[in-house]
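Chains as they are written, first to last, in my numbering: chain G, 1 to 402; chain C, 1001 to 1402.
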């Protein structure tokens, strides 16, 4: 990994444009030993042509054998050390609903749950209440909880899940969680994990006490559980690090939110993959770096739906000529991690990547797929190296030393 | 990267001989999308034979995407961390004219420039005066500047460029530069960037004041600009690190100078590549490690002259049997960085490398070229790993641990 301080000192500005097209969970596995992966199965003449004239490899978001979440894998794609810059779950959840976090804010993931007359938990998810109920209860908590000196936000997510955001000076998220992860016991009180977090623990316990009273007559959602306390990470922006004006095109708010954490502008992106390509065309003149995120490759992978994952890849391939017609200087096509339909989950397998520019060194790869990429000239490499490579191919890095 | 302390503890001495043949800027690119690189185009039957019986790969001098200068790329070839051991511009310039720097010396790059009656710069390069004028003015400054307690050297380079070397105890190069990089303003005074550099700043300002008086009646070169203040880096020698007696065969002084910084003996090397091979033959008995540097692959790359770069590679290939006739135990053939004729500059692209010894593990590579090396068993790897590999193949490293 190139040290950020070294890289930043080499950055020069020019008018080149870089596109990073991320198919979420792209990497896959064959469903049977002699089979092909999702990407190998998909008919992708446009990506194959780019692979033939560009160069290929496979990246590891975190390290060998490590299965990444979406937060760290995206940070790595954007060139940020994903271990050093960990994003707390509360922040990810807030970012996922487009909540505009400020540096003061502390966020936590909340569940509505059910407790019995003795205060013991009988259902950690309150029977997965409908989202409408979650919305009503969240609004009720937000309206009725009063903590002096603290602004409280209770934002519904989906079913039993909500986000709690406290806004006040000097909040410290070094707090224990209240979910005991078992039934028949009461929720745990929040405890400070460091002396500096004592006041914050008192504030959160006060929120919980008020929530218990306010929800007492509700059923089944008559209590809350909180975990993943976290504050907005203060990351230097991609503009500061790489001198690029960066935009995110992502239909799902969490990915837009992740991109905003590194200083990208979130663009209106529509609902379909085609909409996203339209957003790219419409905003082409205004940015240097575009992150375009396709979600459904991952969703179908998580569902174990091999064939639909294949068809999303083919849909992207058919849209690719629209991207290439814009004449980007550098195109990177990859995923943020693997989500093989076989495993129905994220996995540790390295992620296929192709890089195309007028000054890349072509290798012998002729198609875009896991096995083909293994023979590519980029080899298997850490995801944090993608940005330096993209910048070099955009001629945005000057020489190191004389 | 193997820690130097670990490596050094494993070094054993024997009588094996290692040759590192460096074709400067070897790595290249095709001139058109479907084309071959310079090395792939060159007819290299002797290197191909070595590739077939040896092993291949590509090295990255600094890191992915980073384009190296000659200083750091050579340090990496010699096994020194090129980021940690950065060499200042003044030192590189001094080394480039074969000036024998001592650890006391502080060197700077100088320009003769033109100032008007108000002292404002009207030409930062004094109209690129002929080298003969530079020689006369340098000699004049050297003869007439007197600073008590300091030995002053003013060494001409080429056209308007000279090297200033101050020799005294406790000089500190943490100094600001005097070149304002613009016209119509006076040269800047040197300022200490750290308190310890205050006295050195005074000495340099005294040099500048005297130079201004001495040059007052010259035209157009009536003033000096100074930048890149640096001291000789104190690097442990290759003998200390690797137990080898090392010699440098390099027609260009800068590369001989770089080799001397790591303790190599600079051998008289003639003017042609054939002369360099003669120097190798004549000194074969006296050293364990030979660094043989071919400059013109880089020069033609910088000129954008694909065909001449190809012919230099072919010239080296034709001379290779003279090297192999000496029966070296380990031969490494590579470049210090890529200089594709397409880009007319150094670049970040990994550099082809072949390693040959009686005990290397042959791979399937049959020719020496960028794409062939991609499939070699060494993969893409950091340049600092070359020396440990060469030493291992020379059986000069003992076992780590029991």
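Ideal Cβ placement from N, Cα and C applies to all residues, glycine included. Because the structure is a prediction, the values reported are computed rather than measured.
Counting only beta-carbon atoms, is residue i nearer than 9 angstroms to chain G?
i: residue 1430 of chain C; result: Residue coverage of chain C in this structure runs from 1001 to 1402, which leaves residue 1430 of chain C outside it and unanswerable.
i: residue 1374 of chain C; result: yes
i: residue 1037 of chain C; result: yes
i: residue 1160 of chain C; result: no
i: residue 1253 of chain C; result: no
i: residue 1086 of chain C; result: yes
i: residue 1257 of chain C; result: no
i: residue 1345 of chain C; result: yes
i: residue 1062 of chain C; result: yes
i: residue 1349 of chain C; result: yes
i: residue 1089 of chain C; result: yes
i: residue 1173 of chain C; result: no
i: residue 1152 of chain C; result: no
i: residue 1304 of chain C; result: no
So, at 6 angstroms on beta carbons, what are the nonlocal neighbours of residue i in its own chain, with the 5 sequence-adjacent residues on each side left out?
i: residue 1127 of chain C; result: 1220
i: residue 1387 of chain C; result: 1079
i: residue 1326 of chain C; result: 1284
i: residue 119 of chain G; result: 186
i: residue 1379 of chain C; result: 1057
i: residue 177 of chain G; result: 227
Just to confirm my understanding: we take residue i, look at its own chain, exclude 5 residues before and 5 after, and list those with CB closer than 7 angstroms. What are they?
i: residue 1066 of chain C; result: 1348
i: residue 1308 of chain C; result: 1300
i: residue 1017 of chain C; result: 1288, 1328 and 1329
i: residue 206 of chain G; result: 147
i: residue 1001 of chain C; result: 1382, 1384 and 1385
Measure the alpha-carbon distance for residue i versus residue j and round it to whole angstroms.
i: residue 353 of chain G; j: residue 1076 of chain C; result: 28 angstroms
i: residue 1165 of chain C; j: residue 1107 of chain C; result: 4 angstroms
i: residue 983 of chain C; j: residue 1383 of chain C; result: Nothing can be reported for residue 983 of chain C: it is not among the residues displayed for chain C, which extend from 1001 to 1402.
i: residue 1270 of chain C; j: residue 1047 of chain C; result: 24 angstroms
i: residue 276 of chain G; j: residue 260 of chain G; result: 17 angstroms
i: residue 162 of chain G; j: residue 50 of chain G; result: 43 angstroms
i: residue 38 of chain G; j: residue 32 of chain G; result: 12 angstroms
i: residue 158 of chain G; j: residue 396 of chain G; result: 43 angstroms
i: residue 155 of chain G; j: residue 145 of chain G; result: 13 angstroms
i: residue 1242 of chain C; j: residue 56 of chain G; result: 37 angstroms
i: residue 381 of chain G; j: residue 392 of chain G; result: 16 angstroms
i: residue 224 of chain G; j: residue 280 of chain G; result: 41 angstroms
i: residue 1190 of chain C; j: residue 148 of chain G; result: 57 angstroms
i: residue 204 of chain G; j: residue 25 of chain G; result: 36 angstroms
Given a cut-off of 9 angstroms, decide if residue j and residue i are closer than it, judged by their beta-carbon atoms.
i: residue 70 of chain G; j: residue 255 of chain G; result: yes
i: residue 1092 of chain C; j: residue 1230 of chain C; result: yes
i: residue 181 of chain G; j: residue 124 of chain G; result: yes
i: residue 1257 of chain C; j: residue 1390 of chain C; result: no
i: residue 12 of chain G; j: residue 1340 of chain C; result: no
i: residue 1143 of chain C; j: residue 1314 of chain C; result: no
i: residue 286 of chain G; j: residue 247 of chain G; result: yes
i: residue 129 of chain G; j: residue 121 of chain G; result: no
i: residue 1365 of chain C; j: residue 1052 of chain C; result: yes
i: residue 1227 of chain C; j: residue 1371 of chain C; result: no
i: residue 244 of chain G; j: residue 23 of chain G; result: no
i: residue 363 of chain G; j: residue 1374 of chain C; result: yes
i: residue 1020 of chain C; j: residue 1267 of chain C; result: no
i: residue 1351 of chain C; j: residue 1027 of chain C; result: yes
Does the beta carbon of residue i sit closer than 9 angstroms to a beta carbon anywhere in chain C?
i: residue 20 of chain G; result: no
i: residue 2 of chain G; result: yes
i: residue 362 of chain G; result: yes
i: residue 289 of chain G; result: no
i: residue 13 of chain G; result: no
i: residue 327 of chain G; result: no
i: residue 400 of chain G; result: yes
i: residue 101 of chain G; result: no
i: residue 359 of chain G; result: yes
i: residue 10 of chain G; result: yes
Tell me which same chain residues have a C-beta within less than 8 angstroms of the C-beta of residue i, skipping the five on either side of it?
i: residue 169 of chain G; result: 104
i: residue 64 of chain G; result: 348
Consider the C-beta atom of residue i and the heavy atoms of the ligand ATP; say whether any pair is separated by less than 8 angstroms.
i: residue 317 of chain G; result: With respect to small molecules bound, the structure shown includes none, and the ligand ATP cannot be examined in it.
(request) Residues of the region 67 to 78 of chain G with a CB closer than 8 angstroms to any CB of chain C: list them in chain order, please. (result) none
(message) If the cut-off is 8 angstroms on Cβ atoms, which residues from the region 1372 to 1396 of chain C count as contacting chain G, listed in chain order?
(response) 1374, 1375, 1379 and 1380
(message) Output needed in chain order: residues of the region 27 to 59 of chain G with a Cβ under 7 angstroms from some Cβ in chain C.
(response) 53
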